[in-house]
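Presented below is the structure to which this report refers.
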């Protein structure tokens, strides 16, 4: 089945120092976004790559992306994450749609292709990792709240999240649909459709803070 | 104030291939446990280091630890994490007790000393990192359950968790106390005592799976 990869690159990066779009920051000499695109470009199973940027940043995005070639398209996104996901899904022409956070530049070819295989079998598939840290809530004042969040069975959802195109269109593009889903699997769950999981990858971290960026730099330097 | 570091090294490592204690596995040519001990040995603020091992493994632990010198003691732990924490707290002689997962070998001197400073100010302090992945529960059958765990304000608790000694003794060693706390801060919270937080460190990962071990290897190679 023809696979479209939608890469979300319209985020604000509020936790990152500075104003700019974090996916344009350099990671080991290449912009984060360029690395995310290259990861999908490396898969022969991916027929098109749709990068969703902030409106007005299409030019920046095009300038920093060195791979993707004729498979690449850049489309403007929206204010919220979900609006950008909708823009990407609307543009996608494949029978399978992968939706990926542009801020996960270290995603591996292996993970991408395992998610695709999961979608072929089950219609919807996300990579997950068990939560190993104890969880608690912190108030806005910075205090930790006593009740602990029960960790048993808890998994963190990574991306790419993959779906049969008809399913994700139904979930995200239905008439009147304006829910701000925290991720795309949530929208598919809301249809009552089961979502399969594959084992995620701790390398596939989300670069959210300057400390994450240093971590990713070290991981890249350590690759061999 | 005199600081005791308690390093928990009695875990089973169920998620790690093989039978052995995961903290005895090699990470970049040194056992994980040896690296954890070295991190605390590097701080002049730490007066003693108490390593809690599985009963019978004291000898292995002593053989792999190359640093710590006269500050180091090795004591046998118990069946559950909390039993080992109790054994460590019982042995500790400092006015401040840090309790650290032996499976977090990349903890930095900076983080250790920020936690100590937090305890000096507030009595109890843990390093935390905001959760960035969307969370969901997975059933034992492997299915993801639709209701999402609300991520706003959610933080993952790392170690070392630091406490004034009288506080953590009251929390963990009170007569008749047998609660299997998921971490030590939970026991202190149960006293109604507030726990302060400092910013955790993404490098300070917990080595739980073979993939985590590969990640830690890459981080070490990438350090310079």
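Protein chains in written order, with this note's numbering: chain A, 379 to 602; chain B, 379 to 602.
Glycine included, every Cβ here is placed at the ideal spot set by N, Cα and C.
Test: residue i CB closer than 8 Å to a CB of chain B
{"i": "residue 541 of chain A", "result": "no"}
{"i": "residue 400 of chain A", "result": "no"}
{"i": "residue 535 of chain A", "result": "yes"}
{"i": "residue 558 of chain A", "result": "no"}
{"i": "residue 581 of chain A", "result": "yes"}
{"i": "residue 575 of chain A", "result": "yes"}
{"i": "residue 564 of chain A", "result": "yes"}
{"i": "residue 476 of chain A", "result": "no"}
{"i": "residue 546 of chain A", "result": "no"}
{"i": "residue 424 of chain A", "result": "no"}
{"i": "residue 461 of chain A", "result": "no"}
{"i": "residue 593 of chain A", "result": "yes"}
DSSP-derived helix/strand/coil call for residue i
{"i": "residue 583 of chain B", "result": "coil"}
{"i": "residue 544 of chain A", "result": "helix"}
{"i": "residue 443 of chain B", "result": "coil"}
{"i": "residue 401 of chain A", "result": "helix"}
{"i": "residue 422 of chain A", "result": "coil"}
{"i": "residue 572 of chain A", "result": "coil"}
{"i": "residue 577 of chain B", "result": "strand"}
{"i": "residue 534 of chain A", "result": "strand"}
{"i": "residue 387 of chain B", "result": "strand"}
{"i": "residue 409 of chain A", "result": "strand"}
Listed by chain order, chain A residues near residue i by CB distance under 9 Å
{"i": "residue 410 of chain B", "result": "Per Cβ cutoff of 9 Å: no residues; residue 410 of chain B is ~15 Å from chain A at best."}
{"i": "residue 403 of chain B", "result": "What residue 403 of chain B touches in chain A: nothing, since even the nearest Cβ is about 16 Å away."}
{"i": "residue 601 of chain B", "result": "596, 599 and 600"}
Beta-carbon neighbours of residue i, restricted to chain A and to distances below 7 Å
{"i": "residue 524 of chain B", "result": "567"}
{"i": "residue 572 of chain B", "result": "521"}
{"i": "residue 551 of chain B", "result": "Ordered by position in chain A, no residue passes the 7 Å Cβ test against residue 551 of chain B, which lies about 20 Å from the chain."}
Min CB distance residue i to chain A below 8 Å
{"i": "residue 597 of chain B", "result": "yes"}
{"i": "residue 531 of chain B", "result": "yes"}
{"i": "residue 527 of chain B", "result": "yes"}
{"i": "residue 431 of chain B", "result": "no"}
Listed by chain order, chain B residues near residue i by CB distance under 8 Å
{"i": "residue 486 of chain A", "result": "Neighbours of residue 486 of chain A on chain B: none; closest Cβ ~11 Å, over 8 Å."}
Where residue i meets chain B, residues with beta-carbon distance less than 9 Å
{"i": "residue 506 of chain A", "result": "511, 514, 516 and 522"}
Contacts that residue i makes with chain B (C-beta to C-beta distance below 7 Å)
{"i": "residue 589 of chain A", "result": "579 and 580"}
Quiz item: Can we say the stretch 586–594 of chain A touches the stretch 455–464 of chain B, given the rule of at least three CB pairs closer than 8 Å?
Solution: no
Self-check item: Whole runs of the beta strand (DSSP E) within the stretch 447–532 of chain B, excluding any shorter than 3 residues
Solution: 450–454, 474–479, 502–508, 512–516 and 522–527
Practice problem: Specify whether the stretch 488–506 of chain B and the stretch 477–489 of chain A touch according to this definition: at least 3 beta carbon pairs, one from each stretch, less than 8 Å apart. | Solution: no
Self-check item: Cβ contact (3+ pairs, closer than 8 Å) linking the stretch 520–537 of chain B and the stretch 427–436 of chain B
Solution: no
Exercise. Would you be able to state if there are at least three C-beta pairs under 8 Å between the stretch 381–392 of chain B and the stretch 561–578 of chain A?
Key: no
Quiz item: How about the stretch 397–413 of chain B and the stretch 435–446 of chain B: do they share at least three Cβ pairs that are nearer than 8 Å?
Solution: yes
Quiz item: Any contact of the stretch 511–523 of chain B with the stretch 504–511 of chain A, i.e. 3+ C-beta pairs under 8 Å?
Solution: yes
Quiz item: When the Cβ atoms of the stretch 463–472 of chain B are set against those of the stretch 543–559 of chain B, are three or more pairs found closer than 8 Å?
Solution: yes
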